Amino acid sequence: DFMQAFWNVEEVQAKAIQHLASFVRDGSALPHVLTITNLISLALKTHEDCLKLQVDGCSLLLEILSQALEQDVVVTLDENVTSSLLETVRKHSGNEDFLSLACTLLMMISASELAAENLRRVGVIPDLLSMLRAFPHNAKICLSCCGVLWSLAVSENNEDQALLKSAVPVTSVVLQEHLQNGTVAEAACSALWALALQGCLTEDEYEPTTVLLLDALRVNPGRAVLVKNACLALASLLRLSEIPALLLLTYSKGSGINLIQDACHLHLHDPQVVESICMLMNEMAQYGDVVLDMLSQNMEELLSEIKSHFP
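Counting with UniProt numbering, you get residues 1 to 311 for the letters of the sequence shown.
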């Protein structure tokens, strides 16, 4: 009531958010989560010029969502909240520290299918791409934006395919920039897989994307999720064209087939990774030249090994 009565007084809203923060920290906020998030949203929208209030409000929303996640409570923020947050992101688009926080919040929000749809409706994709282009060196921003892109691209809604197509080169730059950072590379591979699955890549992008995915496998062989999603992305590309198949044979930094074999041996006890590798091998087997190379690299032995682990 206090926040609603003085909604246009910046100092009152700032103090109220600080008070709500202590309420959230002691764990008693979850039963009132929708009321609290809507009040924070109104404060953000009304006082978008006040950066400190924006930071405090976004931090509080992040804390609420984190608590909900820990306690398996589903919180879907409505379109008013997502719209207010996006307006704030646009208002402070040059503030890298704030965007790092806001993007983490966007990623957490997008984990809910309904909230991801709300983000789509309020037009988040161009903002994600702008932030990735402006701050390709910022691991936190890249991780979060790739996470949101993945959530949007894996949905059945293809209305934004033209926009998602423009995400391919931007995501590729992120992967190239952060190949050594396993967490960011993992998120970028996931986004590229979803984009490949939706048919967002042009023929000119098949070759550089294939090479990048093989680079990611080579640099981060121990990351199960990265291996799984890179293999699924490669399988999607192989379904579209012979170009990725030939690149597996001519990869300049070693044999692509050996990379896949090594990854499989490393994750032989992980059924999800092995399944993705089997899907990739199935696509590879559609091309005669690749089959010959697979046979010469003793791929049959690997398949026998897989069968013995998963009878």
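Heads up, the beta-carbon is just placed ideally off N, CA and C, and yes, glycines get one too.
From a predicted model like this one, the values you see are computed outputs, not experimental measurements.
Ordered along the chain, which non-local residues of its own chain (more than five positions away) have a Cβ less than 7 Å from that of residue i?
i    : result
A230 : C189, L213, A216, L217
C145 : C103, L128, M131, L132
Q198 : A153, N158, Q161, L164
E177 : P136, H137
Express the C-alpha separation of residue j and residue i in angstroms, rounding to a whole number.
i    : j    : result
V219 : T46  : 46 Å
H137 : S100 : 12 Å
M279 : D56  : 46 Å
A111 : N282 : 31 Å
I125 : N38  : 23 Å
T76  : V290 : 46 Å
G222 : D270 : 12 Å
L164 : N298 : 39 Å
L226 : Y206 : 19 Å
Y287 : A245 : 7 Å
M284 : I260 : 11 Å
A116 : D97  : 23 Å
E301 : Y251 : 22 Å
S166 : S308 : 43 Å
A68  : K140 : 22 Å
Any idea what DSSP makes of residue i, helix, strand or coil?
i    : result
C50  : coil
L77  : coil
R223 : coil
L268 : coil
L179 : coil
Y251 : coil
L212 : helix
E283 : helix
P244 : helix
H309 : helix
E186 : helix
V122 : coil
A111 : coil
Thinking just about the alpha-carbon of each residue, which of the options is nearest to the one in residue i?
i           : options               : result
L85         : L105, S66, V75        : L105
L202        : I17, P271, P169       : Checking the sequence, you will find Thr at residue 202 rather than Leu. If we check each option's Cα against that of T202, P169 comes out closest.
L129        : E242, L179, C142      : C142
H267        : L246, E305, T35, G288 : E305
E90         : V33, A134, I36, V173  : Looking at the sequence provided, one finds Arg at residue 90 rather than Glu. Nearest of V33, A134, I36, V173 to R90, Cα basis: A134.
L42         : V81, D97, D293        : V81
residue 312 : G182, E70, I109       : A query on residue 312 cannot be resolved here, the shown segment of the chain reaching from 1 to 311 and no further.
S241        : H92, A139, D204       : D204
Kindly list the residues whose CB is nearer than 6 Å to the CB of residue i, restricted to its own chain and excluding five residues on each side of it in sequence; keep chain order.
i    : result
T88  : L44, E48, Q54
G256 : L214, L248
V194 : Per the sequence shown, the amino acid found at residue 194 is Ala instead of Val. Hits under 6 Å: W150, A153, V154.
S236 : A196, L197
L192 : T171, A233
Between residue i and the ligand FAD, is there a pair consisting of the residue's CB and a ligand heavy atom that are separated by less than 6 Å?
i    : result
C146 : With respect to small molecules bound, the structure shown includes none, and the ligand FAD cannot be examined in it.
Strictly under 7 Å for the Cβ-Cβ distance: is residue i near chain D by that measure?
i   : result
D72 : The structure shown contains no chain D, having only a single protein chain.
Use the C-beta contact count for residue i: other C-beta atoms within 10 angstroms, 16 or more gives buried, fewer gives exposed.
i    : result
T209 : buried
G123 : exposed
K253 : exposed
L61  : buried
Might you give, ordered along the chain, the residues of its own chain that have their beta carbon closer than 8 Å to the beta carbon of residue i, omitting 5 neighbours on each side?
i    : result
A263 : L217, P221, V227, C231, V273, I277
E79  : N118, R121, V122
L114 : T76
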